[in-house]
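**Q** Chains as they are written, first to last, in my numbering: chain A, 75 to 421; chain B, 75 to 421.
Think of the CB as a built atom: it goes at the ideal place given N, C-alpha and C, for glycine as much as any other residue.
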């Protein structure tokens, strides 16, 4: 007899992007920021070192106040997480029971499906329209979903559903809608202002991408306070450590760094799109820090493999029944130089 | 209609010990180590700072190898967690489904019960014998438990169930037994060697107490590899951050610091027990870094409150149907001086 819950034993498990630890690769595969974080981060960490022997603040008060200030809400609207994956896990566990329905989109972030499976929940995958807009089914009451996930900007496309359409969908839904804005700092719009208008809209944010802190694990949720109170019951008591609370607060406090970094990423994104198109790739107009590239009529997996042999990692993604392509993260200008140099040799 | 799962809406939520962030208290309430961690920790963190922009190793390989070396097992026997609370959560989610049974002891760590509630699982609280030994019921097949938790040393008592009794219980149990050894570095025995003998025995370890790293959030599990493989599916992909992986590895690497620190804690524990007894408290022979103190025939809550007014925090615990007392963590000699000075004034 197995001790393991059957739905977990049956799972393959979520496979994160390759993370070689030897530093010998140009990494354009997991949407990290290619530039170092604000210098304020290292300073905050050094200052926090003497506090390591004590438990951290279970509510990460200093960060909540900083994020609240940034978004014009009260601190009670903010929940901190050990990466935004922790936020997604907490929200799923709070809202979705065994056998209940979680609604998600396809193709999108594969983790949402894994979260449903871990709960022993069912999931319904609604396919994006061909132009990456939302089909009406995503907001339908049928099936009584308990939670819906929308990555906005989406991955792998980098496309954005405009806030007015998100609000309209949320109003039709009979359950909360988690808008995963991991990449929204690179976009032209976001849904934070909608949270006051609808208790159904919650926004998850990550410091991994736009604050260059993937290694730190820090994310947060913005939602109405009566929901935050419930999520607090489900999170681990001390889910954020003393160093990451201090570092994340410092990162949010340096908006000048943030603006300059964003401008650099957006400039390189334009270049990436232009040069990929010049090589014959079909691209999508990305509002994230990556681009999605397909090559109709030709296999792209060998390109991924050949680039890897040349110490350049991009993400090869194959969505069953939909198609495959290469997701290429925005690197530094120098990294992108090398990427195109090698790509041109093998294409 | 509420969006929240009913069992979560009904929960009060786990209340962690008070964590004032202003540093103005002598904290003897949450079993932190009163001494700073090994100097190797700060050095490892400074070295890891340049890696913050990249995702960490999802499997925390360097730590797994270090822990494996310490315990004489292979790295595939180790699972790393964002604090041992993360480990307890992962194990519960992997093994216990809605409506299934989790077996625990009373009085013990209150979080175990919370973990069952979060899963929508049932729990059976087996009462310790009066001498803190295990009653036969704890190992019974009745009720078909899916998981059993044993804090060893236990809290609040600080008592230890000898390994041979743990093995005997595990052999009778029809489910895995998680031995929570958060405090075992302060004890004379532990159950790590039993893991090879029984796939049912798993041991959770924390760096919060005996490595003085409560603020870092790092714990790990030692269990047979076929179980670790399942737990990996359930954990967040990047549940441990780059700084904590580096710091925890450095901490485990400094066994000289560990031995010296342990000797100091054990000396102060002996003093705490002796002086509490001299004041009329009934104590238990603790093998942890805290002592459990009752005062038969007299209310101790006012003592907790009066100490708090004097900026000394101890933990007042009231176990319904069993009794109340003060759990006092081992502080520095100077902190314990102040504690007794104030306690003698008010008792």
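1) Is residue 258(B) closer than 9 Å to residue 291(B) when the C-beta atoms are compared?
2) Tell me whether residue 206(A) sits in a helix, a strand or coil according to DSSP, three-state version.
3) Measuring only from the beta carbon, is residue 324(A) closer than 8 Å to any heavy atom that is part of the ligand SAM?
4) Can you check which of these residues, 231(A), 111(A) and 243(A), is closest to residue 261(A) by C-alpha distance?
5) When you compare the CB of residue 323(A) with every CB in chain B, is at least one pair closer than 9 Å?
6) May I ask you to report which of helix, strand or coil DSSP gives residue 114(A)?
7) Residue 378(A): buried (16+ other C-beta within 10 angstroms of its C-beta) or exposed?
8) Looking only at its own chain, which residues have a Cβ that is under 7 Å from the Cβ of residue 266(A), when we skip the five neighbours before and after it?
9) Does any C-beta atom of chain B lie closer than 9 Å to the C-beta of residue 254(A)?
10) Where are the beta strand (DSSP E) runs, 3 residues long or more, that stay fully inside the segment 257-343 of chain B, in chain order?
11) Would a check of beta-carbon distances place residue 149(A) closer than 9 Å to chain B?
12) Might you give, ordered along the chain, the residues of its own chain that have their beta carbon closer than 8 Å to the beta carbon of residue 248(B), omitting 5 neighbours on each side?
13) Just to make sure I have the definition right: I need the residues of chain B whose C-beta is within less than 7 Å of the C-beta of residue 249(A). Which are they?
14) Who are the near neighbours of residue 105(A) in its chain, counting only those whose CB is closer than 7 Å to its CB and skipping five residues on each side?
15) Under a Cβ-count criterion, where at least 16 other Cβ atoms within 10 Å of its own Cβ denotes burial, should residue 234(B) be classed as buried or exposed?
16) Hey, out of 398(A), 184(A) and 275(A), whose CA is closest to residue 151(A)'s CA?
17) Taking residue 187(B) as part of the alpha helix (DSSP H), name the residues at either end of that continuous run.
18) With 9 Å as the threshold, decide whether the Cβ of residue 391(B) is near any Cβ in chain A.
19) List the residues that DSSP assigns as beta-bridge partners of residue 403(B).
20) Using a cut-off of 7 Å between C-beta atoms, extract the partners of residue 85(A) located in chain B.
21) Helix, strand or coil: which one does DSSP assign to residue 166(A)?
22) Is the separation between the beta-carbon of residue 124(B) and that of residue 110(A) shorter than 9 Å?
23) Name the chain A residues whose beta carbon is nearer than 8 Å to that of residue 119(B)?
24) What number of angstroms, rounded off, separates the C-alpha of residue 163(B) from the C-alpha of residue 382(A)?
25) Tell me whether the beta-carbon of residue 212(A) lies closer than 9 Å to the beta-carbon of residue 243(A).
26) Quick one: which chain A residues come within Cβ less than 7 Å of residue 406(B)?
27) Checking contacts by CB at 9 Å: is residue 265(B) closer than that to chain A?
28) Under three-state DSSP, which class holds residue 85(B)?
29) If residue 168(A) and residue 78(B) are in contact, beta carbons under 8 Å, what's the gap, nearest whole angstrom?
30) Does the distance from the C-beta atom of residue 172(A) to that of residue 171(B) stay below 9 Å?
31) Using the three-state DSSP reduction, which class does residue 390(B) fall into: helix, strand or coil?
32) Quick check on the DSSP output: the beta strand (DSSP E) that includes residue 144(A) runs from which residue to which?
33) Of all the CB atoms in chain A, is at least one closer than 9 Å to the CB of residue 156(B)?
34) Cα-Cα, which of 174(A), 154(A), 202(A) and 210(A) is closest to residue 194(A)?
35) List the residues that DSSP assigns as beta-bridge partners of residue 98(B).
36) Assess, as a yes-or-no matter, whether the segment 112-126 of chain B is touched by the segment 311-325 of chain B under the definition of 3 or more beta carbon pairs within less than 8 Å.
**A** Once the coordinates are examined:
1) For the purposes of this step, residue 291(B) is taken as residue 217 along the second chain, with counting starting at 1. For the purposes of this step, residue 258(B) is taken as residue 184 along the second chain, with counting starting at 1. Cβ atoms of residue 291(B) and residue 258(B): not closer than 9 Å.
2) Here residue 206(A) is taken as the residue at index 132 of the first chain, counted from 1. Residue state, collapsed to three classes: coil.
3) Looking for the ligand SAM in the displayed structure turns up nothing, as the structure carries no ligands at all.
4) Within the first chain, residue 261(A) is the residue found at index 187, counting from 1. The shortest C-alpha separation from residue 261(A) is found at 231(A).
5) The residue you call residue 323(A) lines up with position 249 of the first chain. For residue 323(A), the answer is no, since every Cβ of chain B falls outside 9 Å of its Cβ.
6) As a position in the first chain, residue 114(A) is number 40, starting the count at 1. Residue 114(A) falls in the helix class under three-state DSSP.
7) To locate residue 378(A), count along the first chain from 1; it is residue 304. Answer is buried; the Cβ neighbour count reaches 16.
8) Within the first chain, numbered from 1, the residue matching residue 266(A) stands at position 192. Within the same chain, and ignoring the five residues on either side of residue 266(A) in sequence, the residues whose Cβ sits closer than 7 Å to its Cβ are 145, 277 and 296.
9) Locating residue 254(A) in the first chain gives position 180, counting from the first residue. So no, residue 254(A) is outside the interface.
10) Counting only runs of 3 or more, we get 275-280 and 293-296.
11) The residue labelled residue 149(A) in the question sits at position 75 within the first chain. Not closer than 9 Å to any Cβ of chain B, the Cβ of residue 149(A) fails to qualify, so no.
12) Residue mapping note: residue 248(B) aligns to position 174 of the second chain, counting from 1. Within the same chain, residue 248(B) has close Cβ partners 215, 218 and 219.
13) Here the question's residue 249(A) lines up with position 175 in the first chain. Within chain B, the residues near residue 249(A) are 77.
14) The count along the first chain starts at 1 and reaches residue 105(A) at position 31. Contacts found: 283, 363, 364 and 403.
15) Numbered from its first residue, the second chain carries residue 234(B) at position 160. Buried: at least 16 other Cβ atoms inside 10 Å.
16) Taking the first chain and counting its residues from 1, the one referred to as residue 151(A) is at position 77. It is 275(A).
17) As a working note, residue 187(B) is residue 113 in the second chain. Segment 185-193, the alpha helix (DSSP H) holding residue 187(B).
18) Along the second chain, one-based indexing puts residue 391(B) at 317. Residue 391(B) does not count as touching chain A.
19) The count along the second chain starts at 1 and reaches residue 403(B) at position 329. DSSP, once it has assigned bridges, lists 364(B) as partnering residue 403(B).
20) Here residue 85(A) is taken as the residue at index 11 of the first chain, counted from 1. In chain order: 307.
21) If you number the first chain from 1, residue 166(A) lands on position 92. If DSSP states are grouped into helix, strand and coil, residue 166(A) belongs with the helices.
22) Counting from 1 along the second chain, the entry for residue 124(B) is found at position 50. Counting from 1 along the first chain, the entry for residue 110(A) is found at position 36. The answer is yes: Cβ separation under 9 Å.
23) Residue numbering aside, residue 119(B) sits at position 45 when the second chain is read from its first letter. 119, 123 and 317, listed in chain order.
24) Locating residue 163(B) in the second chain gives position 89, where the first residue counts as 1. Locating residue 382(A) in the first chain gives position 308, where the first residue counts as 1. Going by the C-alpha atoms only, they are around 36 Å apart.
25) For the purposes of this step, residue 212(A) is taken as the residue at position 138 of the first chain. For the purposes of this step, residue 243(A) is taken as the residue at position 169 of the first chain. Yes; because the gap between Cβ atoms is below 9 Å, this pair is in contact.
26) For the purposes of this step, residue 406(B) is taken as the residue at position 332 of the second chain. When 7 Å is used as the limit between beta carbons, residue 406(B) is near no residue of chain A, the shortest such separation being about 11 Å.
27) Within the second chain, residue 265(B) is the residue found at index 191, counting from 1. So no, residue 265(B) is outside the interface.
28) The sequence position of residue 85(B) within the second chain is 11, counting from 1. Coil at residue 85(B), not helix or strand.
29) As a first step, residue 168(A) must be located in the first chain, where it is residue number 94. As a first step, residue 78(B) must be located in the second chain, where it is residue number 4. Confirmed, Cβ separation roughly 6 Å.
30) Counted from its first residue, the first chain places residue 172(A) at position 98. Counted from its first residue, the second chain places residue 171(B) at position 97. A contact, by the Cβ cut-off of 9 Å.
31) Here residue 390(B) is taken as the residue at index 316 of the second chain, counted from 1. Strand.
32) Position 70 of the first chain holds residue 144(A). Looking at the DSSP string, residue 144(A) is not in any beta strand (DSSP E); the run it does join, the alpha helix (DSSP H), is 135-145.
33) As a first step, residue 156(B) is located in the second chain; it is residue number 82 there, counting from the start. It does; some Cβ of chain A falls within 9 Å.
34) By 1-based counting over the first chain, the position of residue 194(A) is 120. Taking only the C-alpha atoms, the option nearest residue 194(A) is 174(A).
35) As a working mapping, residue 98(B) is identified with position 24 in the second chain. For residue 98(B), which the question treats as bridged, DSSP gives no partner whatsoever.
36) yes
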